[in-house]
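Single-structure report; data block below.
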Amino acid sequence: MKPVRTVLRHLARAVGYTALGAVLFGGWFYVSLAQSQADLRPWHTAKLEAEYRGPGDDRVSSYADYVALENELFAELHREVYDSGDPGTQSRWSRYFRGGPQDSSASNHAWNRSVELAAEHPVGGALLLHGATDSPYSMRAIGELLHARGWHVVIPRYPGHGTAPVGLYTFDWRDIAEVAKLAAHHLREQVGDDAPLVMVGYSTGAGIAADYALAKLEGEDREAFDRIVLLSPAMGVSPIAAFAKTQGRLAAFLGVPKLAWTSIQPEYDPYKYNSFSVNAGDQVYELTVSVDERLARLSNDAGVVVGMPPILSFQSLVDATVSTRAVIAFHDKLASNEGHQLVIFDVDRSQATADFLQSSDLAILDELPERGARNYELTVVGNLDDESDELAAWDDVATREGAHAVPIGASWPKGVYSLTHVALPFREHDPVYGLTPYGDPARPSLGNLQLRGERGLFVVDGDGRMRLRCNPFFDYMAQRIVEALESVEKR
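If you want it as structure tokens, here you go:
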């Protein structure tokens, strides 16, 4: 027996060494990949001391203080990044080329900063919350829509956003939540105690909105909102995001700054970062955990949460950033008969494109419960039939047999086969991201770049250039939002 035990011991040792070697090789390979990324530039490394640091920041006790500090921040941004002397700031298409076509600070409306659209006689107050990595510009179309209807609109810029990607390295979602609280209190002061308040959140902003409303239900001191609208809500992200914190710590431990970045890209988008840090992924993940934990604490014996403001959500069936199934699961946890609604934009299932589409998300519509088993009103926007590009709003999707379909007066644009996570809040004619933009002809639309050449040559990857950046069905979405808010407007 002794030789057998010896053999087994040597075998176990060999397996252990092999496993350790595989781990070390995998770690070395991963670090090498990180090191092979582009060099970090001043916009990835600058120290912006005027950025808000959260509830413990004694420079800010009100939203007015936050905006005042923001003015200092942008002055610092110009000194530390625009005027850094880095060759990248001299590239015509860099967002940090002073006076260039992508320099948003040169425009009449600085949509990278917090925005307030005041109404002389407001019907109510609207708090709009943008997504991670972008800026208040992503809420511009919604903000202008509501302002035109008499709403006093506030769109706060998040800490770490609208300035330089270095902000993604340090921001914390709880700091964003604190800014949302300050902005909500400011909004209430502007419109008075009796006026209704509505909140519209996009992506991470939708997660912040949901967390805010759930915290209010848990008894936390904050303003109450009468209606909530969510666009591409971040209710669930890739499970890989759970390991982002570990990667960030490893980057600091090894002294490999690039390891703290999942993507280091040229910054040519005037209102959204192209680079992405592991901390950003971690913060969005932590936000989804907070929402899930609040839902669990507030759920009754039936497993649903009672008392949330009526929620209207819009979600693309296929979404490469957040989980559509998680969005549906969130709605499943809301009580019935409280006016909750979910609108899902299907892909183009016409015969011309159906054979070329692949995604596990395509089966989601078949997984949805029947109408009577849902706690919310469901609408699916999809092809009127499999031979038509025309779209209709369907009120049931299990088989579509007997379902009521209403044409929405829109069709799939040529070359478009689905919406995307980043498309929903932008009009088709958006001057920065539109398919058919209007605006400054010197600034090309990032949503309609027509570039052809050999693969691997152009620094911006093909997936990024192909991703739809605007919503051809924005008018339908806007109509649904207006209809949802009419009841509180007339209150």
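Note that our numbering has the sequence shown beginning at 102, numbered continuously upward.
Quick reminder that beta carbons are idealized off the backbone N, C-alpha and C, glycines included.
Item to check | Start and end residues, beta strand (DSSP E) containing residue 394 | outcome: Element bounds for residue 394: not the beta strand (DSSP E) but the alpha helix (DSSP H), 379 to 399.
Item to check | Segments of 4+ residues assigned as alpha helix (DSSP H) that fall wholly inside the region 205 to 256 | outcome: 241 to 249
Checklist entry - Which partner residues does residue 494 have in the DSSP bridge list? => result 482, 507
Next on the checklist: Using 8 Å as the threshold, is the C-beta distance between residue 260 and residue 284 below it?
Outcome noted: no
Next on the checklist: With the cut-off set at 8 Å, would you say residue 412 and residue 435 are in Cβ contact?
Outcome noted: yes
Checklist entry - Is it buried or exposed for residue 281, if we count other Cβ within 10 angstroms and need 16 for buried? => result buried
Item to check | Assigned secondary structure, residue 414 (DSSP; H/G/I helix, E/B strand, else coil) | outcome: strand
Checklist entry - By Cβ distance, which residues of its chain are closer than 8 Å to residue 574, with the 5 residues on each side in sequence left out? => result 446, 482, 492, 509, 511, 520
Checklist entry - Straight-line CA distance for residue 173 to residue 167? => result 10 Å
Checklist entry - Are the beta-carbon atoms of residue 549 and residue 536 separated by less than 8 Å? => result yes
Checklist entry - Helix, strand or coil for residue 339 per DSSP? => result coil
Checklist entry - Could you give the uninterrupted runs of the beta strand (DSSP E) lying entirely in the region 262 to 348, keeping only those of 3 residues or more? => result 298 to 303, 328 to 332
Checklist entry - If you follow the alpha helix (DSSP H) that residue 363 is part of, which residue opens it and which one closes it? => result Element bounds for residue 363: not the alpha helix (DSSP H) but the beta strand (DSSP E), 362 to 364.
Item to check | residue 198 (DSSP reduced to helix, strand or coil) | outcome: coil
Checklist entry - Expressed to the nearest angstrom, what Euclidean distance is found between the alpha-carbon atoms of residue 185 and residue 151? => result 17 Å
Next on the checklist: Can you tell me where the alpha helix (DSSP H) holding residue 589 begins and where it ends?
Outcome noted: 575 to 590
Item to check | residue 406, DSSP secondary structure in three states | outcome: strand
Item to check | At least 3 beta-carbon pairs within less than 8 Å: the region 326 to 341 vs the region 407 to 423 | outcome: yes
Checklist entry - Would you call the CB atoms of residue 623 and residue 233 closer than 8 Å? => result The structure shown does not extend to residue 623, since the chain is modelled only from 102 to 592, so the question has no answer here.
Item to check | Any chain B beta carbon closer than 8 Å to residue 153 | outcome: No chain B is present in this structure, which holds just one protein chain.
Item to check | Which of helix, strand or coil DSSP assigns to residue 446 | outcome: strand
Checklist entry - With burial defined as no fewer than 16 other Cβ atoms inside 10 Å of the residue's Cβ, what is the status of residue 300: buried or exposed? => result buried
Checklist entry - So what does DSSP say about residue 438, is it helix, strand or coil? => result coil
Item to check | residue 377 vs residue 547 beta-carbon contact at 8 Å | outcome: no
Next on the checklist: Taking the straight line between their C-alpha atoms, what separation do you get for residue 399 and residue 518?
Outcome noted: 39 Å
Next on the checklist: Whether or not the region 249 to 256 and the region 185 to 205 are in contact is what I'm after, with contact meaning three or more pairs of Cβ atoms, one per stretch, closer than 8 Å; do they touch?
Outcome noted: no
Checklist entry - What first and last residue would you give for the alpha helix (DSSP H) that runs through residue 175? => result 164 to 178
Checklist entry - When you compare each of 544, 313, 171, 522 to residue 369 by their alpha carbons, which one comes out closest? => result 544
Next on the checklist: Once the 5 residues before and after residue 566 are set aside, which same chain residues still bring their CB inside 6 Å of it?
Outcome noted: 550
Next on the checklist: What does the alpha-carbon distance come out to for the pair residue 129 and residue 355?
Outcome noted: Any reading at residue 129 is ruled out, since the residue's pLDDT is 49, under 50, leaving its predicted position unreliable.
Checklist entry - Should residue 465 be labelled buried (16 or more other beta-carbon atoms within 10 Å of its own) or exposed? => result buried
Checklist entry - Where does residue 584 land, buried or exposed, given buried means 16+ other C-beta within 10 angstroms? => result exposed
Item to check | Where residue 214 falls, given that 16 or more other Cβ within 10 Å makes a residue buried | outcome: buried
Checklist entry - Between residue 296 and residue 226, which are expected to be in contact by the criterion C-beta below 8 Å, what is the C-beta distance as a whole number of angstroms? => result 6 Å
Next on the checklist: For residue 441 and residue 476, which I take to be in contact (beta-carbon distance under 8 Å), what is that distance rounded to the nearest angstrom?
Outcome noted: 7 Å
Next on the checklist: Could you give the first and the last residue of the continuous alpha helix (DSSP H) run that contains residue 144?
Outcome noted: 143 to 146
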